[in-house]
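Asks: Have a look at the structure that comes next, please.
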Amino acid sequence: MNPLLQSYIHTVGRRKSAVVRLFLRSGTGTFQVNRRPWKQYFPSEIYQLEILKPFEVLSLDPNRYDLIVYANGGGIKAQAEALRLAVSRALLEEDEKRRPFLRKAGLLTVDARQVERKHYGHKKARKSFQFSKR
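Take 52 as the starting number for the sequence shown in our numbering and just add one per residue.
The following block contains the structure:
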């Protein structure tokens, strides 16, 4: 592991097939996702608000922290939701007294829903081919 990352709090967030590794520490507000500025990686304002929700719930300034994020797998929405979970876990690891506030906002609950596999004789998981009687 990179020696520079040892002073960070390391957490993992997952959603569908997306996996996000987060390194958080007190700092000057550096926020990078896959070595790019996070607002460039998540250009949609909806995803940006989703990611900052744990800071909003706890009334914390995100510019007080340095966040280095490595995201892979899944789509952009799944990565944003996985990052929200990772941020919540990191803030909880920093101070355990934050648990009731994060729990009440539903930020510590893992959304474990996965795509159902395709079944034999079907077009998709549940959709069938068009039925013709004659």
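Just so it is clear, CB atoms sit at the ideal spot from N, CA and C, and this is done for glycine as well.
Since the structure is predicted, the reported quantities are computational estimates derived from the model, not experimental observations.
What does the alpha-carbon distance come out to for the pair Ile60 and Glu167?
Replies: Residue 60 sits at position 9 when you count from the first residue of the sequence shown. Residue 167 sits at position 116 when you count from the first residue of the sequence shown. The alpha-carbon atoms of Ile60 and Glu167 are separated by roughly 34 Å.
Asks: Cutting at 6 Å between CB atoms, please list the residues of its own chain near Leu73, excluding the five before and the five after it.
Replies: Reading the sequence shown from its first residue, position 22 is the one you call residue 73. Answer for Leu73: Thr62, Val120, Ala137, Ala141, listed in chain order.
Asks: According to DSSP, is Pro94 part of a helix, a strand, or is it coil?
Replies: The residue you call residue 94 lines up with position 43 of the sequence shown. If DSSP states are grouped into helix, strand and coil, Pro94 belongs with coil.
Asks: Of the residues Arg149, Arg87, Ile127, which one's Cα is nearest the Cα of Glu96?
Replies: Start at 1 with the first residue of the sequence shown, and residue 96 comes out as number 45. Comparing Cα-Cα distances from Glu96 to each of Arg149, Arg87, Ile127, the minimum goes to Ile127.
Asks: Out of Arg115, Asn114, Leu159, Arg164, which has the shortest C-alpha to C-alpha gap to Leu134?
Replies: The residue you call residue 134 lines up with position 83 of the sequence shown. With distances taken between Cα atoms, Leu134 lies closest to Leu159.
Asks: For Val108, collect the residues of the same chain with a Cβ closer than 7 Å to its Cβ; drop the 5 residues on either side in sequence, then sort them by chain order.
Replies: Working through the sequence shown from its first residue, we reach residue 108 at position 57. Counting only Cβ-Cβ distances below 7 Å, and skipping sequence neighbours, we find Phe152, Leu153, Ala156, Leu158.
Asks: Just reading off the beta strand (DSSP E) that Val70 is part of, what are its end residues?
Replies: Within the sequence shown, residue 70 is the residue found at index 19, counting from 1. From DSSP, the beta strand (DSSP E) with Val70 extends over 69-77.
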